[in-house]
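Numbering (the numbering used here), first residue to last: 1 to 325.
For each residue, glycine too, the CB sits at the ideal point set by N, CA and C.
Heads up: the structure comes next, in C-alpha cells.
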Ligand SMILES: Nc1ncnc2c1ncn2[C@@H]1O[C@H](COP(=O)(O)OP(=O)(O)O)[C@@H](O)[C@H]1O
Ligand SMILES: [Mg+2]
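What follows is the structure, encoded as C-alpha cells:
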C-alpha cells in the first residue's frame, strides 16, 4: 500500500512563490512507488483548492500524513500546524509551539538567551512606541532593523545613523507591530541543517556569500548572484562548535522534524552568533537545507523519506498522551 501524502503549499505569505517552487521539487523527488500525492494548494488570498483540510478528527481518512511546504506567515508559524493538530493528522516538521517561537525573532532570542546561547545584542520597539533612544544608547551603528515575524528579508534594513534608523523602524512597523533593532555583525553568514525528533542531527554547514550589502530579498530570490559554499570553509573546531550550537538552538525551541539554523560569524572576534531558525526552510532544487544534507550523505529523496518517517513516529508517540480525564 502506498502512503498517501497531502502536500500543502502556496499560502498567504510573502513567500508564496518560493513555497510553490519548494513543493514542486519535493513532489518530483517523492518515489511514486511508495507515495501517492494529494495536492492542497493555498492561494495568496488564503483560498484552498481543490478543498480545505477540515479541523475535525476523522474527517480525512484519505490522508496518511501531511507535508506542509509553506514558508512564512500562515503556514510556518504554527497556524496550519494547529489546524493539523485539530484534525488529528500526522504532519512533517515542527509542532505548534516550536513553529510559533521560531517565527518570532524576539521570542526565539529570549529562548536562546535562557539557554545562554550566543545571540546578537538587540532592542525591541513597537509600532505604538517606535522610540529609538534605547537602541542609540546601547548599540553601535550599523544596526539591522527587522519586523519580528517575517522572512525573506522583507522589511529589513541596514542603518548607519539615527535618521536612517527612524525611517527603518517606520518601514518595519508596516509589517509587524513588534520590531527588532540589532547590532550589525561584520563577517560571514553560515547555515546548518538539523533533522530529527528526540535525537536531532546536524549536517555539514554551508556559507552564504551575498552579492549585495546584505542577503536581501533581491539577492535571495531574484538576482541569482549570491554564492554558496558547501561545506563552509571552517576549521574542524569551528565546524563542531557551529553544529552543536545548531542542535542546541533546535532543542531550545523544542523543534521536531527539521530546521535550518542560520549564523553570523564576526570577522574581528571570531565569535559565532545564532541569527535565526527556520522550521520550514526552502526546499527548491537549489535550496541549502537539502543541499547540506546531500553533502552530508542524505540524498534529496531519502531526506523526504526520513521527514515523513519522523512525522509518523511523532504521531505514534503522541497517542500515549491522554487528552481527556
Ligand atoms: N545582526 C546582523 N548583522 C549583519 N547582518 C545581518 C544581521 N541581521 C540580519 N543580517 C542580514 O540580513 C539578512 C536577513 O536577515 P534575517 O534575520 O536572516 O531575516 P529573514 O528571516 O528575513 O531571513 C541576513 O541573511 C543577513 O544578510
Ligand atoms: Mg534569514
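Item                                                                                                                                                                         : Value
Just curious, the alpha helix (DSSP H) that residue 82 is in, first and last residue?                                                                                        : 79 to 87
Could you tell me whether the stretch 263 to 283 touches the stretch 185 to 204, where touching means 3 or more Cβ pairs closer than 8 Å?                                    : yes
Since residue 169 and residue 130 are thought to touch, with beta carbons under 8 Å apart, how far apart are those beta carbons, to the nearest angstrom?                    : 5 Å
Note down the Cα distance separating residue 248 from residue 238, rounded to an integer number of angstroms.                                                                : 15 Å
Along the alpha helix (DSSP H) that carries residue 313, what are the first and last residues, could you check?                                                              : 300 to 318
With a threshold of 6 Å, establish whether the CB of residue 149 neighbours any heavy atom of ligand 1.                                                                      : no
With hydrogens ignored, establish whether the beta-carbon of residue 182 is closer than 6 Å to any heavy atom of ligand 1.                                                   : yes
Anyone know if the C-beta pair for residue 146 and residue 119 falls short of 7 Å?                                                                                           : no
Please check the pair residue 22 and residue 284, which I expect to be a contact at CB under 8 Å, by giving their CB distance rounded to whole angstroms.                    : 5 Å
So residue 210 and residue 226 are in contact, right, with Cβ under 8 Å, and what is the actual spacing, rounded?                                                            : 5 Å
From what residue to what residue does the alpha helix (DSSP H) around residue 239 run?                                                                                      : 236 to 252
From this set, 190, 66, 133, 253, which residue's C-alpha is nearest residue 241's C-alpha?                                                                                  : 190
Is it the case that the stretch 153 to 162 contacts the stretch 195 to 202, given that we only count it when at least three CB pairs across the two stretches are under 8 Å? : no
Give a yes or no on whether the C-beta atoms belonging to residue 301 and residue 29 are separated by under 7 Å.                                                             : yes
Return the first residue and the last residue of the alpha helix (DSSP H) that residue 97 is part of.                                                                        : 96 to 103
Pull every residue with its beta-carbon under 6 Å away from any heavy atom of ligand 2, and keep them in chain order.                                                        : 262, 276
Pick out whichever of 31, 111, 136, 251 has its Cα sitting closest to the Cα of residue 165.                                                                                 : 136
Along the alpha helix (DSSP H) that carries residue 258, what are the first and last residues, could you check?                                                              : Not the alpha helix (DSSP H): residue 258 falls in the beta strand (DSSP E), residues 257 to 266.
Among residues of its own chain, excluding the 5 on either side of residue 299, which ones have a beta-carbon nearer than 6 Å to its beta-carbon?                            : none
Rank 102, 310, 6, 1 by C-alpha distance to the C-alpha of residue 63 and give the top, closest one.                                                                          : 6
Following the continuous beta strand (DSSP E) through residue 227, name the residue where it begins and the one where it ends.                                               : 227 to 229
For residue 331, which of helix, strand or coil comes out of DSSP?                                                                                                           : Residue 331 is absent from the model: the chain starts at 1 and stops at 325.
Can you tell me the Cβ-Cβ gap for residue 69 and residue 9, rounded? I've got them flagged as a contact below 8 Å.                                                           : 4 Å
If we call anything under 7 Å between Cβ atoms a contact, is residue 296 one with residue 203?                                                                               : yes
With a CB to CB cut of under 7 Å and the five nearest residues on each side skipped, what residues in its chain are close to residue 4?                                      : 36, 38, 62, 63, 64
Taking 8 Å as the cut-off, does the stretch 256 to 265 touch the stretch 86 to 100 (at least 3 CB pairs, one atom from each stretch)?                                        : yes
Quick one: give me the first and last residue of the beta strand (DSSP E) that residue 189 is part of.                                                                       : 187 to 196
Measuring CA to CA, which of 305, 322, 313 is closest to residue 27?                                                                                                         : 305
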